[in-house]
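Participant: Residue numbers (our numbering), protein chains in the order written: chain D, 268 to 436; chain G, 580 to 854; chain Y, 16 to 1014.
Built from N, CA and C at the ideal position, the CB exists for glycine as well.
One structure, as structure tokens, below. Some questions next.
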Amino acid sequence: MPKLNQDSLQKIDFTLNGVAETGTAEPRMLLSDFLRNVMGVTGCHVGCEHGVCGACTVQIDGKAQRSCLTLAVQVAGRKVDTVESLAGRENPLTDLQQAFKTHHGLQCGYCTPGILMSTSEFLDRNPNPTEEEVRDMLSGHLCRCTGYAGIVNAIMATIEERQGKAAAE
Amino acid sequence: MKPRKFDLVRAESTAEALAALSESGGNAKIFAGGQSLMAMMNLRLADPDVMVDISQVTELSYLKEVGDKLEIGAAATQVELLSWPGLAEKLPLLHQAIPHLGHFQTRNRGTICGSLAHSDPSSELPLCLATLEGEVVLRSVRGERVLSAADFQLGMMTTAREDDELIVAARYPFKKPGEGFAFTEVAQRRGDFAITAVAAVASGDVTRLGVGGVADKPTAKNWTNLSDDNLDEELNAFAWELGGSDDIHATAKYRRELVRRLGRRVIEEAKACRS
Amino acid sequence: MNEVYKPEKFVGKPIERVEDEALLRGVARYADDYPARLDTRHAAILRSPHAHAEIVSIDVSEALAQPGVVCVITGDDLLEYVDPFLNIVKAPMKLWPLAVERVRYVGEAVVLVVAMDRYIAEDAVDLIQVEYKLLKPAVKPEFAASEEAPVIHTECDSNVLSDREFTYGDPDKAFEECDQKVEIEIDFPRSSITPMENFVVMADYHPAENVYDVLSNFQGPFTVHPVMCRALRVKNTGLRLRTPANTGGGFGIKVAIFPYIVLMAIASRIAGKPVKWVEDRLEHLSSATAAPNRIVKIEAAAMKDGKVTAFRLDQLDDYGAFLRAPMPGPLYRMHGVTTGSYEIPNLYVRNRLVMTNKSPSGMVRGFGGPQMYFGIERVMHRVAIELGLDPLDVIEKNLISANAFPYHAAAGGVFDSGNYQAVVALAKKEGKLKELMERRDKARAEGKLYGIGYTAVTEPTHSNMGYITTILTKEERAKRSPTMGTNSNATVSVDPFGGVSCSTEVPPMGQGHATLMAQIVAEQLGLQPTEISCNMELDTQKDKWSIAAGNYSARFTSGPAVAVQMAAKMMRQKLAEIAAPNLNIPVEEVEFGNNLIFARDNPDNFLKFYRVAGTAHWSPASLPDGMAGGLSESAVWTPRELTAPDEQDRINTSLVYGFNFDFCGVEIDRDTGEVKIDHYVTAHDAGTILNPLIAHGQILGSYSHGVSEALYEEFVYGDDGSFKSGTFADYLVPSATEVPEPMVLHVETPSPLTPLGAKGLADGNCMSTPVCIANAVSDALDNIKDIQLPLFPSRVSELIHGDEPPPPERLSQAAEETPAKTSSGKSSAITGTGQSMVPADPQTVWDTLLDPIKLAVVIPGCHGLDEVAENDYRAEITLGAGPVRGKFLAHVKLSDLNEPKSVTLAGGLDGPLGSSQGEGRVRLEAVEGGTQVSYEYSVEISGKVAAVGSRLIEGGARVVVNQFFSRLIKQIETPGSVTAGEAGTPSLFQRILQWLGIN
């Protein structure tokens, strides 16, 4: 059984946005700090560090989770996806990202990466949710700029468009 | 807001976790999802010397039917429970309560047993355990014991778990024929800890009401032959027995008001849906 | 190109934002994302757990000895480098970046640690020992303003730093002649908007040039830049302030970062390294800033028909512990608008600003408007109720008529334009007011609680820098050089390949300014908005900026956007002049479009845009006579309407004045008191809309802040000044499930004062929505008069239900015997009483309690108890309940000793989790089977544990009390069975006495 000494630097091999990566961290380092300050993935934003605001949400093994409530060493051997994984640096925006643009689902954009990571998993799991279910999923995120309407409208439009496409096929 | 230093045990088996607890001399904390504990660590409210991570202990990550109960392993997450196929039919109270519990994102990681261990008086899972008269299985290197909810839940974030014990599982009794259930709560925002949560079970002439968020721990009470005529009086008495405290968002009086009013609501609903 | 060319219009179109691409990919750069030099060190701050105390001593030795710690800085260490920050009223208070001699609010910065990383810095913060001597706090504004209150700044005569009265028209006469005097009192709560991104400062001192180089997500106004420079003892060139390309929300809050800019600048100088500080959420909530809470007494003089002829307002604005620039803005930037949207010629205003032991107030979206309109619009509602009229009729009766513009409001606001009646008519029609009233009738017929509220709000935008001098008397103003107006700067440049860039002086906070700039420039130059490069970073050492620069008072559309348009037009003119000879046409016939510059009447006669641009760079000698080479045009926009206060104290506080009219229907759950917004309509006139998509988003955001203020958000302070809203679980920011989408409507009456015709619109709903909801709730509850925000379900339930049924007889008796009964809530003291049976005679119990050695054993987690003087003990203990645990230094004094019957204990605990002060009385009484120990205690808890655990403190205290007694009983029954120093189980009898933290 590995007992990690508090002062030791742990080597963390994991898959970050589809690429095998390695970094090091003390046992107490938060995943959010590790992603930002060690791995340089600054699309993961830190808003409260107590699990309420949702800004730091990333997907671990495909599930949306708070990176501020996760230790970096816990992702060893796992797959971590941040907002940078969605369209990458140069591919076209995903339909969900584009819908946020079309429906003005973001202003300062600070909460947006977390919301995108939750929503993309949520829609994979539940492709045909009601607006109420979408709002319920969003309740794990705080946004101060938009009043949420643009976000909800963007997600609902994405759902509609996906269904239109599915029906056409 | 960064945690203090701690040694970290990444347990791969229950035995390893128990050994780590036993060796730590009382200041080790188990965590699986960390949805409550990690926040307290970041705030430096909690300060264990050793953290024992059981999220990788596959033998603790299960949901299984054991007799007339669902046994939930320590590493099973709330989302796993929510998507357990028998939930609506066999555990209708949990089915109604879990959507109020945290958020999509925290349920992805938070565990049932973690919530029970944290024992927040307003939390839904401890309330359901108390209301359904479920039990928890505690294990240490010294042995195993099973405690009823009433024996396990002692007070404000305080349980009967000894420092070297791990809650290896929780057991929630299934619905029995003729039972009806209802749950509701008032929280200021979706997913917040409830100001007051109420859960009712009705069966034959027995009515049971569990209340969270008023007393220091979830508390349930049984009535036999509770009639509509004396319901208000009984609920008022129960509300006053629970007491309640003021905080910055709600008064004790309001909490009692909710016991009286929402208590009636869920009792009527539970009676109506007995089947 | 044979068809007749129509210039492409972008202004006024719902163009998608140019900012979004980077934001959505996660590659946008915020302050914390900027690269730091490799030797950058990281700061953490020790903050005061007390609202008011003298600093007796600070011991940093243990922190300094911690590996990885670079330096530890106290307030005294700063004195060599800084002067106190200046304030507008020249009050002699000394505001330093770190507390000196005294702390004046919970969360005030006391010691700065600089270390290799933030984790280590926080470890070191925990090791600093500060000894405080507590002072009586002044928490509530009315008390702080009274004679009895302790004076928070001893250099000042009182806590009231300014008390001014203003009279316009003849209010006394109007009140004498009115049919009905209507009055109401308001206690507007303290809240903020808490941007999702906290403060960030990265500072680097360059000794060679004596320049402090700082990157920070500061939002302006840059009037604060000289305030920082004065403190740093440098000229403006000595503080190079850079702001990042993106910022995670501002809402006014991010001006309050400035003391930290100075602090980190000095820290960098002392450390000899770049220093970076990223504020955390706990720091932000307790210490960043808040909109001032305000006590308002407002009276309206009304005639029977609902016409209001005068207002009297008495406003007491709570600025917290320090008057920090640009305060007291909220009290004065609305001054010219104090009669709201109404034709009310007579006005009396008394404005007082008071210091209290709370975190300093500052800029928050709405900036005084939410507070002021809550009073005005509540009193207008009351006028209707008391006269038996319809509230909307009273509003309409008093609205400024469309032909009265420009309207000169009593206190000096010159409302440029508008058609308020058209806005109200649109809202009624499109918002389906008639159906809403039917809906209310139906709901009420079904026994539901349903109400409708209305509000009309004139929204001042683009502040006059001179408004703040209204706080000075005309004699005081005469002694200083006048302040009035604003400048706005913008630059448009074209590079040798035709690439176009635009910059202005507004740090972006998410409002899409780059998009608006791109629309304006693209339209002038015949390009697409996506082709305009807008770098939104600002660098005070290299960019053009004015003292009025910054992101505030919704000034962008009527300020910097105008400067952008001016610069773009200058660029267009220059390019046209270059192109005209080559096209062989007069300059006036040159047209721009499709990346071409051409003859308007003959589009086939064209030049490529980049070719013309290239000429100015590659071939400057060929330019027309007298034309400068290169292509960079800068414009400054200076509206002349913004003058200084006049002799009668009239002040045109803002350049342009928008308007919105809202109504809403709310349903209240009779059982739970929960308020549900069923229907919300907000109709605006903000002049010309530059981008409907962005305008809509601004209104939705502003509305959501209004909903928050009405129903959710409040910074709560205990009577002892302890802060109780320290996390996002305590300070309730609503989520998507709490904010329903409103209907948004527009009328566009262009402003005659700005070339674009646009006014700001981002603050209106912060002002209108809280009171609109409050009016609706009042309507639902039989027109109840006193509405206290936020309308928590608990408060609303109280309004609905009043007294509760008493406990059954048996319980009221039993209550006397419960082990520990406590109550706290907003009052900060936890008080409790209880009894416990101990199976020993009183003398034995007494001996155990009074013997330090025995007591040390009984107190769990006690690492040794020293008697430092007779009956005066010090102990180090570890306390906790549940997972919470912390080390504390405890001191307890015993008094009123009456052996073996009773003793009074007083004392406190101090540790990283917070502090407590308490007193308790313990009585021992011999009864059958042993001793009945009765106790009562009162404890005040402050610091972190109060800020983040208020919901759980009382229960935690009970846990501790009960555990102490079980331990005491165990020890007395079986001496030796309890192990000294055992941690984990809480303790003590101190608890009894004090309270402990817990939490």
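State yes or no: is the beta carbon of Phe-743/Y nearer than 9 Å to at least one beta carbon in chain D?
Facilitator: For Phe-743/Y, the answer is yes, since a Cβ of chain D falls inside 9 Å of its Cβ.
Participant: Sort out for me which residues DSSP pairs Ala-317/Y with in a bridge.
Facilitator: In the DSSP output, where bridge partners are listed per residue, Ala-317/Y has Gln-195/Y, Val-323/Y.
Participant: Going along chain G in order, which residues have a C-beta closer than 8 Å to the C-beta of Arg-133/Y?
Facilitator: Here the neighbours are Lys-581.
Participant: Are the CB atoms of Ala-106/Y and Glu-162/Y within a distance shorter than 9 Å?
Facilitator: Their beta carbons are not under 9 Å apart, which means Glu-162/Y does not touch Ala-106/Y by this criterion.
Participant: How would you call Val-883/Y, buried or exposed, if buried means at least 16 neighbouring beta carbons within 10 angstroms?
Facilitator: By the 10 Å Cβ count, Val-883/Y comes out exposed.
Participant: If distances are taken between C-alpha atoms only, which option among Thr-324/Y, Ala-791/Y, Ser-931/Y, Ser-766/Y comes closest to Lys-1066/Y?
Facilitator: Since the first residue shown for chain Y is 16 and the last is 1014, residue 1066/Y is missing from the structure and cannot be characterised.
Participant: Which of the three DSSP states is assigned to Gln-580/Y in this structure?
Facilitator: Three-state result, Gln-580/Y: helix.
Participant: Excluding sequence positions up to five away, which residues of its chain have a Cβ less than 7 Å from the Cβ of Ile-714/Y?
Facilitator: Closer than 7 Å at the Cβ level, and outside the excluded window around Ile-714/Y, lie Thr-697, His-699, Val-759, Leu-776, Asn-780.
Participant: Are there three or more Cβ pairs, one per stretch, closer than 8 Å when the stretch 615 to 629 of chain Y is compared with the stretch 570 to 579 of chain Y?
Facilitator: As far as the Cβ criterion goes, the stretch 615 to 629 of chain Y does not touch the stretch 570 to 579 of chain Y, which means the pair count is below three.
Participant: Pair every Cβ in the stretch 252 to 266 of chain Y with every Cβ in the stretch 367 to 383 of chain D, then say whether three or more of these pairs are closer than 8 Å.
Facilitator: The stretch 252 to 266 of chain Y, when compared against the stretch 367 to 383 of chain D, does touch it at the 8 Å Cβ threshold.
Participant: Might you give, ordered along the chain, the residues of its own chain that have their beta carbon closer than 7 Å to the beta carbon of Arg-740/G, omitting 5 neighbours on each side?
Facilitator: So the list reads Ala-696, Leu-717, Ile-746, once near-sequence residues are dropped.
Participant: Along chain Y, which residues have their Cβ under 7 Å away from the Cβ of Arg-429/D?
Facilitator: Simply none; closest approach about 18 Å.
Participant: Would you call the CB atoms of Thr-784/Y and Ser-717/Y closer than 9 Å?
Facilitator: Yes, the Cβ-Cβ distance between Thr-784/Y and Ser-717/Y is below 9 Å.
Participant: Below 8 Å between beta carbons is the criterion; list the residues of the stretch 341 to 352 of chain D that meet it against any residue of chain Y, in chain order.
Facilitator: Listed in sequence order: Thr-349, Val-350, Glu-351.
Participant: Could you give the residue range of the beta strand (DSSP E) that holds Met-524/Y?
Facilitator: Met-524/Y -> no beta strand (DSSP E), and no H or E assigned at all.
Participant: Against chain Y, which members of the stretch 669 to 692 of chain G pass a CB distance test of less than 7 Å?
Facilitator: Cβ contacts with chain Y come from no residue of the stretch 669 to 692 of chain G.
Participant: Under the three-state reduction of DSSP, which class applies to Gly-840/Y: helix, strand or coil?
Facilitator: Reliability of the predicted coordinates at Gly-840/Y is poor, the pLDDT of 45 falling under 50, and no value is obtained from them.
Participant: Would you mind telling me which residues of chain G sit closer than 9 Å to Cys-335/D, beta carbon to beta carbon, in chain order?
Facilitator: The contacting residues are Met-580, Met-617, Ala-618, Asn-621.
Participant: Taking the DSSP output, what are the residues bridged to Phe-613/Y?
Facilitator: Paired residue(s): Glu-606/Y, Phe-621/Y.
Participant: What in chain G is Cβ-close to Leu-271/D, meaning under 8 Å?
Facilitator: Near Leu-271/D (Cβ distances below 8 Å), the residues of chain G are Asp-586, Leu-587, Val-588, Arg-589.
Participant: DSSP on Trp-652/Y, reduced to helix/strand/coil?
Facilitator: Of the three classes helix, strand and coil, the one that applies to Trp-652/Y here is strand, per DSSP.
Participant: For Ser-793/Y, collect the residues of the same chain with a Cβ closer than 6 Å to its Cβ; drop the 5 residues on either side in sequence, then sort them by chain order.
Facilitator: Within the same chain, Ser-793/Y has close Cβ partners Ile-799, Ile-802.
Participant: Looking at the unbroken alpha helix (DSSP H) that takes in Glu-427/D, where does it start and where does it end?
Facilitator: 416 to 435 is the extent of the alpha helix (DSSP H) around Glu-427/D.
Participant: With a cut-off of 9 Å, does the C-beta of Ala-709/G fall near any C-beta of chain Y?
Facilitator: Not one chain Y Cβ lies under 9 Å of Ala-709/G.
Participant: Starting from Ser-930/Y, trace the beta strand (DSSP E) both ways and give me its first and last residue.
Facilitator: Looking at the DSSP string, the run of the beta strand (DSSP E) that includes Ser-930/Y is 929 to 942.
Participant: Under 7 Å Cβ-Cβ, which residues of chain G neighbour Lys-739/Y?
Facilitator: Those within 7 Å of Lys-739/Y in chain G are Ile-827.
Participant: Taking the Cβ atom as the reference point for each residue, do Ser-698/G and Leu-680/G lie within a distance shorter than 9 Å?
Facilitator: No, they are not a contact pair.
Participant: Please classify Lys-24/Y as buried or exposed, where buried requires at least 16 neighbouring CB atoms within 10 angstroms.
Facilitator: Classification of Lys-24/Y: exposed, given that the 10 Å Cβ count is below 16.
Participant: I'd like to confirm the pairing. Which residues does DSSP put opposite Glu-293/D in its beta bridges?
Facilitator: Note: Glu-293/D sits in no beta bridge, so no partner.
Participant: Which residue's Cα is closest to the Cα of Leu-733/G: Pro-797/G, Val-720/G, Pro-678/G, Ile-774/G?
Facilitator: The shortest Cα separation from Leu-733/G among Pro-797/G, Val-720/G, Pro-678/G, Ile-774/G belongs to Pro-797/G.
Participant: Contact between the stretch 748 to 756 of chain Y and the stretch 356 to 364 of chain Y: three or more CB pairs below 8 Å?
Facilitator: Touching, no, given that fewer than three Cβ pairs across the two stretches are closer than 8 Å.
Participant: On the DSSP bridge assignment, give the partners of Pro-475/Y in chain order.
Facilitator: Partner(s): Tyr-672/Y.
Participant: Enumerated in chain order, which unbroken segments of the beta strand (DSSP E) with a length of 3 residues or greater are wholly contained in the stretch 789 to 839 of chain G?
Facilitator: With a minimum length of 3 residues, the continuous beta strand (DSSP E) runs that stay inside the stretch 789 to 839 of chain G are 798 to 803.
Participant: Between which two residues does the alpha helix (DSSP H) harbouring Lys-608/G extend?
Facilitator: Taken as a continuous stretch (DSSP letters only), Lys-608/G belongs to no alpha helix (DSSP H), being part of the beta strand (DSSP E) at 607 to 610.
Participant: Can a CB atom of chain Y be found closer than 9 Å to the CB of Ser-698/G?
Facilitator: It does: the Cβ of Ser-698/G has a partner Cβ on chain Y nearer than 9 Å.
Participant: According to DSSP, simplified to helix, strand and coil, what is Trp-560/Y?
Facilitator: It is coil, neither helix nor strand.
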